[in-house]
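Chemist:
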Amino acid sequence: MVFSPQQLEEYSHDGFIVARKLFSANEVATLIHHYMKLRQAGSYPGDVVADTELSNDPLHKFPRMIHMHYWDEASLRWLLDERLKEGLTELLGSEPLAVQTMLYFKPPGARGQALHQDNFYLRVRPGTCMAAWLSLDACDEENGCMRIVPGSHLWPVLCPSKADTTRSFTDVTVPLPDGIESIPVVMGPGDVLFFNGSVVHGSFPNTSADRFRRALIGHYINGAAEQLSQWYERVLKMDGSTIEVPAAPEGGRCGVWVDRDGTGQIEEIGTMPGPKSVVN
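To convert a position in the sequence shown, counted from 1, into our numbering, add 41.
#1: Can you confirm whether the region 183-192 touches the region 226-236 when touching is taken to mean that 3 or more C-beta pairs between the two stretches lie within less than 8 Å?
#2: What does the alpha-carbon distance come out to for the pair lysine 147 and glycine 259?
#3: Nearest-angstrom Cα distance between glycine 192 and proline 137?
#4: Identify, in the order they occur along the chain, each residue of the same chain with its Cβ nearer than 6 Å to the Cβ of valine 48, setting aside the five sequence neighbours on each side.
#5: For the candidate residues Asp280, Pro287 and Ser239, whose alpha-carbon lies nearest to that of tryptophan 272?
#6: Between the Cα of glutamate 182 and the Cα atoms of Tyr261, Val233 and Gly243, which residue gives the shortest distance?
#7: In terms of residues, what are the limits of the alpha helix (DSSP H) holding arginine 80?
#8: Give the C-beta separation of valine 165 and isoleucine 262 to the nearest angstrom, bearing in mind that I take them to be a contact with Cβ-Cβ under 8 Å.
#9: Could you give the first and the last residue of the continuous beta strand (DSSP E) run that contains leucine 125?
#10: Please go through the same chain and pick out, in chain order, the residues whose beta-carbon is closer than 8 Å to the beta-carbon of isoleucine 284, but skip the five residues on each side of it.
#11: Tell me, to the nearest whole angstrom, how far the beta carbon of valine 233 is from that of alanine 173; I am working on the premise that it is less than 8 Å.
#12: Any heavy atom of the ligand HEM inside 7 Å of the beta-carbon of lysine 278?
#13: Which residues share a DSSP beta bridge with glutamine 306?
#14: How about threonine 214 and alanine 155: do their beta carbons lie closer than 8 Å?
#15: Rounded to whole angstroms, what's the CA-CA distance from alanine 179 to alanine 256? Just pull it up for me.
#16: Please work out which residues of its chain come closer than 8 Å, Cβ to Cβ, to histidine 75, disregarding the five sequence neighbours upstream and downstream, and give them in chain order.
#17: Work out the CA separation of glutamate 222 and phenylalanine 103 for me, nearest whole Å.
#18: In three-state DSSP terms, what is valine 89?
#19: Alpha carbon to alpha carbon, how far is asparagine 321 from aspartate 159?
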């Protein structure tokens, strides 16, 4: 087992859990070398940096990669790794389907990503998606570690609002009411953060002088999922074979925070805009 009974209980309560040193130091070093070499070699389909007037933005040199497993064998092997399969199966209760890879470089001085929920983009129905977030560097508050709102896995997808693009490379966020805040998730190289697709998460800018915060991410869905956003063209079983999942319709309801007798509550009274594949 990847997780102890106590960890599984914590996941049920918080919506996220960290598997410490799931990947070895040698594996991490190999992955860093591989992706830095790919990044230096040129551009790839889906590379993205949100519009900015900052000509010296470090993300121009190190844009995020997406769907690398479509064309990179090392990314495909990692996405389907047996350790990730085992951990996700324990958390989901059944074997997952793999739908996405991403690589965030986040060099010194880079912006973070505003708080968001992954299922706003993936539109998995029924249920939600899951993320496996591998830390390739030591990450803490200085270099912009992941931040999570514990317990938000029980929330519906919230209606997005405009993000501060001086601090976030994406332009949408989800608002939080007074009294609810994100917490930092400090991780070491080789640690994997697993979290539910409704979990509100994001990160602050990398304020360090010389430290990257690189992360390799896989997104997965429950094997019983009946719908998935049209942007995810290739759905894989964990043995590498493909499977068809119908496209989810656009729109639907999203949650809005309202005040009920002095208490913040979420009501699904908003209309969800169409997702943009480039900003997840």
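Idealized CB from N, CA, C, for every residue including glycine.
Modeler: In terms of the structure at hand:
#1: The answer is yes - the region 183-192 touches the region 226-236, with three or more Cβ pairs under 8 Å.
#2: The sequence position of residue 147 within the sequence shown is 106, counting from 1. The sequence position of residue 259 within the sequence shown is 218, counting from 1. Each residue's alpha carbon lies about 17 Å from the other.
#3: Taking the first residue of the sequence shown as 1, we reach residue 192 at position 151. Taking the first residue of the sequence shown as 1, we reach residue 137 at position 96. Between the C-alpha atoms of glycine 192 and proline 137 there is a straight-line separation of about 22 Å.
#4: In the sequence shown, the residue the question calls residue 48 occupies position 7. The identity of residue 48 in the sequence shown is glutamine, whereas the question assumes valine. Ile58.
#5: Translated into positions along the sequence shown, residue 272 becomes position 231. When each option's Cα is compared against that of tryptophan 272, the closest is Pro287.
#6: For the purposes of this step, residue 182 is taken as the residue at position 141 of the sequence shown. In terms of Cα proximity to glutamate 182, the closest of Tyr261, Val233 and Gly243 is Gly243.
#7: Here residue 80 refers to the residue found at position 39 of the sequence shown. Taken as a continuous stretch (DSSP letters only), the alpha helix (DSSP H) holding arginine 80 covers 66-82.
#8: The sequence position of residue 165 within the sequence shown is 124, counting from 1. The sequence position of residue 262 within the sequence shown is 221, counting from 1. Between isoleucine 262 and valine 165 the Cβ distance is about 5 Å, and since that is below 8 Å, they are a contact.
#9: For the purposes of this step, residue 125 is identified with residue 84 of the sequence shown, where counting begins at 1. For leucine 125, no beta strand (DSSP E) segment is defined; the enclosing uninterrupted segment is the alpha helix (DSSP H) at 123-133.
#10: One-based indexing of the sequence shown puts residue 284 at position 243. Counting only Cβ-Cβ distances below 8 Å, and skipping sequence neighbours, we find Leu138, Val276, Leu277 and Lys278.
#11: Taking the first residue of the sequence shown as 1, we reach residue 233 at position 192. Taking the first residue of the sequence shown as 1, we reach residue 173 at position 132. Between valine 233 and alanine 173 a beta carbon distance of about 6 Å is seen, short of the 8 Å cut, so the two are scored as contacting.
#12: Within the structure as shown, the ligand HEM is missing, as the structure has no ligands at all.
#13: Position 265 of the sequence shown, counted from the first residue, corresponds to residue 306. The secondary-structure analysis by DSSP pairs glutamine 306 across a beta bridge with Val299.
#14: Working through the sequence shown from its first residue, we reach residue 214 at position 173. Working through the sequence shown from its first residue, we reach residue 155 at position 114. One thing to note: threonine 214 has its Cβ within 8 Å of the Cβ of alanine 155.
#15: Within the sequence shown, the letter at position 138 stands for residue 179. Within the sequence shown, the letter at position 215 stands for residue 256. Spanning the two alpha carbons is a distance of roughly 10 Å.
#16: As a position in the sequence shown, residue 75 is number 34, starting the count at 1. Taken in chain order, the residues that qualify are Ala115.
#17: For the purposes of this step, residue 103 is taken as the residue at position 62 of the sequence shown. For the purposes of this step, residue 222 is taken as the residue at position 181 of the sequence shown. Taking the straight line from one Cα to the other gives about 29 Å.
#18: Taking the first residue of the sequence shown as position 1, residue 89 is located at position 48. Valine 89 falls in the strand class under three-state DSSP.
#19: Here residue 321 refers to the residue found at position 280 when the sequence shown is read from its first residue. Here residue 159 refers to the residue found at position 118 when the sequence shown is read from its first residue. Bear in mind that the predicted position of asparagine 321 carries a pLDDT of just 44, short of 50, making it unreliable; the figure below should be weighed with that in mind. Distance between the alpha carbons of asparagine 321 and aspartate 159: 7 Å.
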